[in-house]
Amino acid sequence: MGQLFNLQFLTGHIHYLLFIILMMTGLFIVVDKTNLVKKIIGLNIFQASVFMFYVSIGKVTGGTAPIFPMDDKYHVDKEALQGIVYSNPLPHVLILTAIVVGIATTSLGLALIIRIRESFNTIDEEDILNIEQEMTRDDNNKHRDVAEGLT
Amino acid sequence: MANTALVAEHTARTLYDHLPLLQVLVPFCAAPLIVLLGSRRLAWPLAFVSSAVALIISVMLMMSVREGGYISYTMGGWSPPLGIEYRIDTVNAYVLMLISAIGTVVLPFAYVSVKDEIPSKNHSLFYACWMLCLTGLLGMVATGDAFNVFVFLEISSLSTYVLVAQGAARDRRALTAAYDYLIMGTIGATFFVIGLGMLYMATGTLNMADLADRIADQGANRTVRSGFAFIVVGLGLKVAMFPLHLWLPKAYTFAPSAVTVFLSATATKAALYVLMRFIFSVYHPDFSFTTNALEIIFLPLAIIAMFSASFIAAFQINFKRMLAYSSIAQVGYMLLGIAILTETGLTAALLHMFNHGLAKALLFMGVGALVLRTGGAFYTQISGLGRKMPLTCGAIVVGGLSLIGVPGTAGFLSKWLLVQAALERVSENSLFLLVSIAIVLSSLLAVVYVWRVFEVLYLREPNPDSTATEAPLMMLIPMWILAGSCLWFGLSTDFLYDIANQAALGLLDGSMGMLDSNKTLGVE
Amino acid sequence: MIFHHLILRVVTKLLVGTIILFALYVQFHGDFSPGGGFQAGVIMAVAFILYGIVFSLESVKKVFPEWLVHKILALGVLIYAGTGIATMLLGYDFLDYDAFAPLHPTHGQHWGLLAIEFGVGVTVTGVMVAIYYAFAGRPPSLPDEDW
Chain A
11 MGQLFNLQFL
21 TGHIHYLLFI
31 ILMMTGLFIV
41 VDKTNLVKKI
51 IGLNIFQASV
61 FMFYVSIGKV
71 TGGTAPIFPM
81 DDKYHVDKEA
91 LQGIVYSNPL
101 PHVLILTAIV
111 VGIATTSLGL
121 ALIIRIRESF
131 NTIDEEDILN
141 IEQEMTRDDN
151 NKHRDVAEGL
161 T
Chain B
150 MANTALVAEH
160 TARTLYDHLP
170 LLQVLVPFCA
180 APLIVLLGSR
190 RLAWPLAFVS
200 SAVALIISVM
210 LMMSVREGGY
220 ISYTMGGWSP
230 PLGIEYRIDT
240 VNAYVLMLIS
250 AIGTVVLPFA
260 YVSVKDEIPS
270 KNHSLFYACW
280 MLCLTGLLGM
290 VATGDAFNVF
300 VFLEISSLST
310 YVLVAQGAAR
320 DRRALTAAYD
330 YLIMGTIGAT
340 FFVIGLGMLY
350 MATGTLNMAD
360 LADRIADQGA
370 NRTVRSGFAF
380 IVVGLGLKVA
390 MFPLHLWLPK
400 AYTFAPSAVT
410 VFLSATATKA
420 ALYVLMRFIF
430 SVYHPDFSFT
440 TNALEIIFLP
450 LAIIAMFSAS
460 FIAAFQINFK
470 RMLAYSSIAQ
480 VGYMLLGIAI
490 LTETGLTAAL
500 LHMFNHGLAK
510 ALLFMGVGAL
520 VLRTGGAFYT
530 QISGLGRKMP
540 LTCGAIVVGG
550 LSLIGVPGTA
560 GFLSKWLLVQ
570 AALERVSENS
580 LFLLVSIAIV
590 LSSLLAVVYV
600 WRVFEVLYLR
610 EPNPDSTATE
620 APLMMLIPMW
630 ILAGSCLWFG
640 LSTDFLYDIA
650 NQAALGLLDG
660 SMGMLDSNKT
670 LGVE
Chain C
460 MIFHHLILRV
470 VTKLLVGTII
480 LFALYVQFHG
490 DFSPGGGFQA
500 GVIMAVAFIL
510 YGIVFSLESV
520 KKVFPEWLVH
530 KILALGVLIY
540 AGTGIATMLL
550 GYDFLDYDAF
560 APLHPTHGQH
570 WGLLAIEFGV
580 GVTVTGVMVA
590 IYYAFAGRPP
600 SLPDEDW
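As given, the protein sequences belong to chains A, B and C, one line each in that order. Numbered per the numbering used here, the first sequence spans residues 11 to 161. Numbered per the numbering used here, the second sequence spans residues 150 to 673. Numbered per the numbering used here, the third sequence spans residues 460 to 606.
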């Protein structure tokens, strides 16, 4: 706990704090908002914070972009290679994959919302819940089990 | 200028070397091929042939690793830990066999069921999605790289959301079920990615064997521990662990019958495999926090799941919904087997994965046949069909008995081993006596809800205006193949027991160890 | 015929070609600058989507019909998998690009990566345009004249 008030620790790790704030904002939106589109937006914010978290891991202090200093004949200057510190490109590649997955999820979610809108005429979660509860109640009444020894 | 001294010696790979990859590649290529050909008539045969090939490959892989050891396949020739590797050992091959077997056996059933429940213009895309789901599940299990697990997890999850939403043709609640599943599943997968990011921060590698070594070197610092927490929660959502199971009842009830058969037997099992892999191979069970997490979290949640889900299942009036809640309870048994943390417990969990897959697929197939003939799965709609559809209901009886764990069916051995595992640990902690009593009591609850089905099917008069006849042959054959396997694996248990025991020993052995790198097939 | 939005129509006609050219540039310069298959695919799809937004869905469907979009989707994935299968047939591991030029591994890697990035670009173009067609093709809740 004493570390939280250590200014050097705080400024060195402030980006983690911001990522967590963004993450929790995204999760809160998913849980709290009843509009289905807003839930998808919250999910996107949540995923964006995770992407930022990953990319921040890749930065090496004093590192430059991870590209070989080649000329257009693919020749690498061997002396220029000495002493260059590169940032880690792997987290960037992982995040590229995760971004594509996020896009696929978002578009699928939006497509489902369009179908739900056409089917239920609303995209508010509470209204949909009410409609579904009515449907279930109708089903239960219609198919009320005759030999209800348990209920 | 060709300078051959710079190029390493290379021996050509044989088809046998490529097997771990072909396991995933065959269904993966079938999906775009189905879309490209666009023909409705070719979609099902293509899907069936590639599933059958995947099954053959998985059996061949199982035969190679039956006695222990592992096969490693390097993608792109980059040897691990730099490159992605597919790593098949006994646990892997066991789950691969289950998934591809269920995938193949269900397809003839799906041919009839899908024609009935889904508009025909969607059929070729439906089978393409099915193949993508199969690819994702197989890839999730076959791979030895942690981020690759996430990629395949998302491939299978996204296709699952689409497949579940296809039930909207019959009941529009399938759309909201798919939407809820999407939100919860994506949150779960993102939690998994966060945990993985923490592991990467702490160790610098993503290869599961290398992760195991580096975590063992480091000991348990806060990053590694929070990574574990995130990964367990994320995967727990996919496995339908107790408080994270809310997506399952609706998704299984409103999805098309063929989809429910496929998903109930494979999706949670593959995620459970990944969970086991992370708990046992990546994080060694000797880590105190692993044992603590398992005992304090898994054990109570598994027992609550077993009881509450069985209890809710007993009150259902819809056969499909009842089976969905029963699935949650059965996952509780598997988690209990993991939490008991002995060799017998782990063998029981692995055996129960297989047996539950068989029994649930069989039962959901029965439901599908009943839905085909009567249009619904409510008890009032299916009452008395025991006489009109004798073969279907006979298969349902076998599946129900296997679910309860009656001796002679496959379910018995796993429940028996579970109780035995709990009793093994009584000497060190007498609470485990309560655990074993809990297992027996919840099995009695299972008897309640299964007996209710038997009563509805056999002891009631059929509806006077029902025109139900026996299910078509393409549905009956897969059902009776699965029923036969339930009985066969119940009576001759050695094959599965040996494999599951070997797999459990391999898991408990812990760190996968990069030291035997001479076993890899990559270029040196 | 659409007679309003004159500026948009003229500028779009000028831009569409440039956008497609830029997409091809991004696709094939992925090893020298930020780029590659996914980014290029999205930019290429933007060209068609922009045209579709400004002119109309029917006009863009005349250029890029829906059945072609779905075929291209699948074709890109098969190009990617096909590159891997080609390396397998040449006796190497899946996607081991050394197979394309065993004596010059660097060249082999270059060609292999170009091939798979091309497959990715083609698929992503198809996916993005297909998503646009699917969403824009639903019957609207308000007819166009009332906007």
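Even for Gly, the Cβ is constructed at its ideal location relative to N, Cα and C. No experiment lies behind these values; they were computed from the predicted model shown.
Cβ-based contacts, 8 Å cut-off: residues of the stretch 545-577 of chain C near chain B: The residues in question are Met547, Gly550, Tyr551, Asp552, Phe553, Leu554, Asp555, Tyr556, Asp557, Pro561, Leu562, His563, Pro564.
Pro621 of chain B and Leu521 of chain B closer than 9 Å at C-beta: By 1-based counting over the second sequence, the position of residue 621 of chain B is 472. By 1-based counting over the second sequence, the position of residue 521 of chain B is 372. Their beta carbons are under 9 Å apart, which means Pro621 of chain B touches Leu521 of chain B by this criterion.
Per-residue DSSP class, three states only, for Thr523 of chain B: One-based indexing of the second sequence puts residue 523 of chain B at position 374. Helix at Thr523 of chain B.
Environment of Glu158 of chain B [buried if 16+ CB atoms lie within 10 Å]: If you number the second sequence from 1, residue 158 of chain B lands on position 9. The residue in question, Glu158 of chain B, is exposed, as its Cβ has fewer than 16 Cβ neighbours within 10 Å.
According to DSSP, residues forming a beta bridge with Asp134 of chain A: To locate residue 134 of chain A, count along the first sequence from 1; it is residue 124. Paired residues: A:Asn45.
Whole-number beta carbon distance between Leu480 of chain C and Val513 of chain C, since they are thought to touch under 8 Å: Residue mapping note: residue 513 of chain C aligns to position 54 of the third sequence, counting from 1. Residue mapping note: residue 480 of chain C aligns to position 21 of the third sequence, counting from 1. Going by Cβ atoms, the distance from Val513 of chain C to Leu480 of chain C rounds to 19 Å, so no, they are not a contact pair.
Collapsed DSSP secondary structure at Met624 of chain B in the structure displayed: Translated into positions along the second sequence, residue 624 of chain B becomes position 475. In the structure shown, Met624 of chain B sits in a helix (DSSP, three-state: H, G or I).
Chain B contact residues for Val536 of chain C, given Cβ-Cβ distances below 7 Å: Here residue 536 of chain C refers to the residue found at position 77 of the third sequence. Pro181, listed in chain order.
Helix, strand or coil at Tyr96 of chain A according to DSSP, with G and I counted as helix: Counting from 1 along the first sequence, the entry for residue 96 of chain A is found at position 86. Looking at Tyr96 of chain A - three-state DSSP - the assignment turns out to be strand.
Below-9 Å beta-carbon distance, Leu27 of chain A vs any chain B residue: Here residue 27 of chain A refers to the residue found at position 17 when the first sequence is read from its first residue. No, Leu27 of chain A does not count as interfacial toward chain B.
Where Arg319 of chain B falls: helix, strand or coil (DSSP): In the second sequence, the residue the question calls residue 319 of chain B occupies position 170. Here Arg319 of chain B sits in coil by DSSP.
Runs of alpha helix (DSSP H) lying entirely within the stretch 13-37 of chain A, each at least 4 residues, in chain order: 17-22
Counted within 10 angstroms of its Cβ, other Cβ atoms place Lys387 of chain B as buried (16 or more) or exposed: The residue given as residue 387 of chain B occupies position 238 in the second sequence. Residue environment: Lys387 of chain B is assigned as buried (16 or more neighbouring CB atoms within 10 Å of its CB, all protein chains considered).
Beta-carbon separation (whole angstroms), Ala419 of chain B vs Val290 of chain B, contact threshold 8 Å: Translated into the one-based positions of the second sequence, residue 419 of chain B becomes position 270. Translated into the one-based positions of the second sequence, residue 290 of chain B becomes position 141. With a Cβ gap of about 5 Å, Ala419 of chain B and Val290 of chain B count as contacting.
Under 8 Å from the C-beta of His102 of chain A: neighbouring residues of chain B: Here the question's residue 102 of chain A lines up with position 92 in the first sequence. Those do not exist, as His102 of chain A stays about 13 Å from chain B at its closest Cβ, beyond 8 Å.
For Val423 of chain B and Phe429 of chain B, the rounded distance between their alpha carbons: Numbered from its first residue, the second sequence carries residue 429 of chain B at position 280. Numbered from its first residue, the second sequence carries residue 423 of chain B at position 274. Phe429 of chain B and Val423 of chain B: Cα-Cα distance of roughly 10 Å.
Three-state secondary structure assigned by DSSP to Val618 of chain B: Within the second sequence, residue 618 of chain B is the residue found at index 469, counting from 1. According to the sequence displayed, residue 618 of chain B carries Thr and not Val. Thr618 of chain B falls in the coil class under three-state DSSP.
Contact under 9 Å by Cβ, Cys542 of chain B with Gly560 of chain B: For the purposes of this step, residue 542 of chain B is taken as the residue at position 393 of the second sequence. For the purposes of this step, residue 560 of chain B is taken as the residue at position 411 of the second sequence. Not in contact: Cys542 of chain B and Gly560 of chain B (Cβ atoms no closer than 9 Å).
Three CB pairs or more closer than 8 Å across the stretch 376-384 of chain B and the stretch 341-358 of chain B: yes
Element boundaries [beta strand (DSSP E), containing Arg236 of chain B]: Taking the second sequence and counting its residues from 1, one reaches residue 236 of chain B at position 87. 234-237 is the extent of the beta strand (DSSP E) around Arg236 of chain B.
Inter-residue Cα distance where the pair is Leu421 of chain B and Val519 of chain C: In the second sequence, the residue the question calls residue 421 of chain B occupies position 272. In the third sequence, the residue the question calls residue 519 of chain C occupies position 60. Between Leu421 of chain B and Val519 of chain C, the alpha-carbon positions lie close to 46 Å from each other.
Interface flag, Gly293 of chain B vs chain A, CB-CB below 9 Å: Mapped onto the second sequence, residue 293 of chain B falls at position 144. Answer no: the Cβ-Cβ gap between Gly293 of chain B and chain A never drops below 9 Å.
Start-to-end residues for the beta strand (DSSP E) that takes in Ile220 of chain B: Counting from one through the second sequence, the residue named residue 220 of chain B turns up at place 71. Here the beta strand (DSSP E) through Ile220 of chain B covers 220-223.
Through-space distance from Met145 of chain A to Ile508 of chain C, alpha-carbon basis: Residue 508 of chain C sits at position 49 when you count from the first residue of the third sequence. Residue 145 of chain A sits at position 135 when you count from the first residue of the first sequence. Each residue's Cα considered, the two are about 40 Å apart.
Distance, Leu37 of chain A Cα to Ser592 of chain B Cα: The sequence position of residue 592 of chain B within the second sequence is 443, counting from 1. The sequence position of residue 37 of chain A within the first sequence is 27, counting from 1. Whole-angstrom Cα-Cα distance: 37 Å.
Chain C contact for Ala121 of chain A (CB, 9 Å cutoff): Along the first sequence, read from residue 1 onward, the residue named residue 121 of chain A stands at position 111. Closer than 9 Å: yes.
Any non-hydrogen atom of the ligand NAD closer than 8 Å to Gly535 of chain B Cβ: Within the structure as shown, the ligand NAD is missing, as the structure has no ligands at all.
Selection from B:Leu397, B:Gln530, B:Tyr276 that minimises the alpha carbon distance to Val255 of chain B: Counted from its first residue, the second sequence places residue 255 of chain B at position 106. Cα-wise, what sits closest to Val255 of chain B is B:Tyr276.
Distance, Ala506 of chain C Cα to Ile538 of chain C Cα: Here the question's residue 538 of chain C lines up with position 79 in the third sequence. Here the question's residue 506 of chain C lines up with position 47 in the third sequence. Ile538 of chain C and Ala506 of chain C: Cα-Cα distance of roughly 23 Å.
Cut-off 8 Å between Cβ atoms - residues of its own chain near Pro398 of chain B, not counting five sequence neighbours on either side: For the purposes of this step, residue 398 of chain B is taken as the residue at position 249 of the second sequence. A distance below 8 Å between beta-carbons, with the five flanking residues on each side excluded, links Pro398 of chain B to the following residues of its chain, in chain order: Arg470, Ala473, Tyr474, Ile477.
Residues that Ala595 of chain C contacts on chain B, provided the C-beta gap is smaller than 8 Å: Residue mapping note: residue 595 of chain C aligns to position 136 of the third sequence, counting from 1. Result: empty, since nearest Cβ-Cβ is about 19 Å, beyond 8 Å.
Limits of the unbroken alpha helix (DSSP H) element including Ile461 of chain B: The residue given as residue 461 of chain B occupies position 312 in the second sequence. Taken as a continuous stretch (DSSP letters only), the alpha helix (DSSP H) holding Ile461 of chain B covers 448-463.
Collapsed DSSP secondary structure at Glu673 of chain B in the structure displayed: In the second sequence, counting from the first residue as 1, residue 673 of chain B sits at position 524. For Glu673 of chain B, the predicted structure reports a pLDDT of 30, less than 50, and the residue's modelled location is therefore unreliable. A value from the coordinates is still provided. Here Glu673 of chain B sits in coil by DSSP.
Cβ separation of Thr116 of chain A and Ile50 of chain A, assumed to be a contact under 8 Å, to the nearest whole Å: For the purposes of this step, residue 116 of chain A is taken as the residue at position 106 of the first sequence. For the purposes of this step, residue 50 of chain A is taken as the residue at position 40 of the first sequence. Confirmed, about 6 Å.
Beta bridge counterpart(s) of Asp294 of chain B as assigned by DSSP: Within the second sequence, the letter at position 145 stands for residue 294 of chain B. B:Asn356, per the DSSP bridge assignment.
Near-chain A residues of the stretch 492-503 of chain C (beta-carbon distance less than 7 Å), N- to C-terminal order: Phe497
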